[in-house]
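What follows is a single structure, written as structure tokens, with notes after it.
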């Protein structure tokens, strides 16, 4: 397909939609509802953590950062998606496509690092309780939050800065938004960039995952050897983090694998799975933390019960 160029801007056609002419309004209502739920649910839990002083602890601050990350992630995808569902042509300017893809992977990797920071916080709290106040100071929390967003952004920025100068041989992207499929638009991608991407994936996705699993393994060992109160504390605070990690790891693994097997997966399956990637995790996080974290659940219950009483 010939690329569309208007006023020296190259446009990429998004070819991952399924029967959009027939179901465009169904898709729009679904995505609009989902985006509204994501913003409202994440904002409610985030606001509770900010407002209530008893939630101004490292664990809850990291949860608030994770919820903010989910809202930023969704905002990078959903508004453009809703516009596409109502448009006759589903296309995106190439520079905007690169920006969307950059935000998608930068924020996705930030989620792993935020979960790793949570795992470290829980490890210190349960395995080294006497040193917790010394280790998890306000400065430590700020540094961990900064690194969780800064490191992935720097890693992901390098290949995308190179992509901006590469020649395009295709103007059709097999997706509903810009993700890994961007690499198939270029005539040639150097081996150095591919290796850099794999190393980056290992450093900011797999390494944090290994660290998280190691931390929770140590927590389980300590909890097993300790009294019932320690085991209860470990279960209450660690289970939500593990559920979020498992959910997000499965979705991101799919996104990575689907690009390698793109010729073997039908368009419908690819469309359904891509929708799950952008819907499940941002909705899953506030539900898990709102219901499973005891202190947050207390404030949620008080908020809605008081509102209902009034």
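Residue numbers (our numbering): 2 to 311. All C-beta atoms, glycine included, are put in the ideal place defined by N, C-alpha and C.
- From the listed residues 35, 48 and 31, the smallest Cα separation to residue 304 is found for 48.
- Counting only runs that start and end inside the segment 30–71, there is no beta strand (DSSP E) element of at least 3 residues.
- With respect to the C-alpha of residue 23, the residue from 226, 73, 12 and 87 having the closest C-alpha is 87.
- One thing to note: residue 180 has its Cβ within 9 Å of the Cβ of residue 106.
- Counting only residues of its own chain and dropping the five nearest sequence neighbours on each side, residue 269 has a CB closer than 7 Å to the CB of 19.
- Around residue 241, the same chain offers 289, 290, 293 and 294 as residues with beta carbons nearer than 8 Å, after the five sequence neighbours per side are excluded.
- Within the same chain, and ignoring the five residues on either side of residue 176 in sequence, the residues whose Cβ sits closer than 6 Å to its Cβ are 17 and 182.
- In this structure, DSSP gives residue 223 a helical state, which the three-state scheme calls helix.
- Remark: C-beta atoms of residue 39 and residue 284 approach each other more closely than 9 Å.
- By the 16-neighbour rule on beta-carbons within 10 angstroms, residue 140 is exposed.
- In this structure, the straight-line span from the alpha carbon of residue 161 to that of residue 152 is close to 15 Å.
- In chain order, 108 place their CB closer than 6 Å to the CB of residue 74, counting only its own chain and leaving out the 5 sequence neighbours on each side.
- Fewer than three pairs of CB atoms, one per stretch, sit closer than 8 Å, so the segment 214–223 makes no contact with the segment 183–198.
- The way I'd put it, the segment 98–105 doesn't touch the segment 141–150; fewer than three beta-carbon pairs between them come closer than 8 Å.
- Going by beta carbons, residue 113 and residue 205 fall inside the 9 Å limit.
- The alpha carbon of residue 111 has as its nearest neighbour, out of 232, 150 and 207, the alpha carbon of 150.
- Nearest to residue 84 by alpha-carbon distance, out of 52, 62, 33 and 132, is 33.
- Take residue 60, set aside five residues on each side of it, and the residues of its chain with a beta-carbon closer than 6 Å to its own are 122, in chain order.
- Runs of beta strand (DSSP E) with 3 or more residues, each lying fully within the segment 162–213, are absent.
- In this structure, residue 115 keeps its C-beta atom at 9 Å or more from the C-beta atom of residue 186.
- In this structure, the straight-line span from the alpha carbon of residue 56 to that of residue 255 is close to 34 Å.
- Ranked by Cα distance from residue 298, the first of 50, 276, 250 and 62 is 50.
- DSSP lists no bridge partner for residue 123.
- Remark: C-beta atoms of residue 62 and residue 146 approach each other more closely than 9 Å.
- CA-CA distance, residue 213 to residue 117, rounds to 5 Å.
- Per DSSP, the beta-bridge partners of residue 93 are 13.
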